[in-house]
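There are 2 protein chains.
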Amino acid sequence: MFKHRIANGMLTAKLISEVLGTKLPGEGTIYMGQELKFLAPVYFGDTITATAEIIELIPEKNRVILSTTCTNQDGKVVLSGKATVMKQ
Amino acid sequence: MFKHRIANGMLTAKLISEVLGTKLPGEGTIYMGQELKFLAPVYFGDTITATAEIIELIPEKNRVILSTTCTNQDGKVVLSGKATVMKQ
Chain X
1 MFKHRIANGM LTAKLISEVL GTKLPGEGTI YMGQELKFLA PVYFGDTITA
51 TAEIIELIPE KNRVILSTTC TNQDGKVVLS GKATVMKQ
Chain W
1 MFKHRIANGM LTAKLISEVL GTKLPGEGTI YMGQELKFLA PVYFGDTITA
51 TAEIIELIPE KNRVILSTTC TNQDGKVVLS GKATVMKQ
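Protein sequence lines, in the order shown, are assigned to chains X and W.
Residues 1 to 88 (the UniProt record's numbering) make up the first sequence, in order.
Residues 1 to 88 (the UniProt record's numbering) make up the second sequence, in order.
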């Protein structure tokens, strides 16, 4: 089905959790949920960039909803989804 | 917030992808999507068991929907969710 061996999608997803835990919202973030859609294969040697954008703030629950996207070196979206986190 | 240092939730989620790719549905599985709900913390030293149960088959699209659960050594569910995969 694929041209070459591909990387397990959860490895790509791991990059999202790194962004959430270190950049946005950053340290002290508690991961509550994540939706993942694997849209394109990641091949060995690809360079993947994970980005997160806040789409909703729920201050009364200390919750943040983020749109999360991973793109490869050609700008193709390989993973999209939504994260729900708690930020103290 | 937590008693001790906790493991990144995506490490627990990785166990689900191992089950899907090696057991059910097994080799040749293509990961299309995953919903994850992180329900309880995973502490260093915990033993986590990942299980998958087929909840829907869509033969005309070669799709399989599975309920995915990770429990700790005390039987507590630490992660629940749903996987969508394609099986050739």
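The beta carbon of each residue, even a glycine, is placed where N, CA and C say it ideally should be.
For chain X, check one thing: does any of its Cβ atoms lie closer than 9 angstroms to the Cβ of residue i?
i: phenylalanine 44(W); result: no
i: glycine 26(W); result: no
Do you know how far the Cα of residue j is from the Cα of residue i?
i: methionine 86(X); j: glycine 9(X); result: 24 angstroms
i: glutamate 53(X); j: glutamate 27(X); result: 16 angstroms
i: threonine 71(W); j: alanine 50(W); result: 7 angstroms
i: glycine 81(W); j: glutamate 35(W); result: 5 angstroms
By the three-class DSSP mapping on this structure, what secondary structure does residue i have?
i: glycine 21(W); result: helix
i: isoleucine 6(X); result: strand
i: glutamate 35(X); result: strand
i: isoleucine 30(W); result: strand
i: threonine 47(X); result: coil
i: alanine 13(W); result: helix
i: lysine 61(X); result: helix
So, is the C-beta of residue i closer than 9 angstroms to a C-beta in chain W?
i: glutamate 60(X); result: no
i: serine 17(X); result: yes
Looking only at DSSP bridge pairs, what is residue i linked to?
i: alanine 40(W); result: The partner list for alanine 40(W) (beta bridge, DSSP) is empty, contrary to what the question assumes.
i: isoleucine 55(X); result: DSSP lists no partner for isoleucine 55(X).
Should residue i be listed as close to the ligand MN, given that the test is whether its C-beta is under 8 angstroms from any heavy atom?
i: valine 78(W); result: With respect to the ligand MN, the structure shown offers nothing to examine, as it has no ligands at all.
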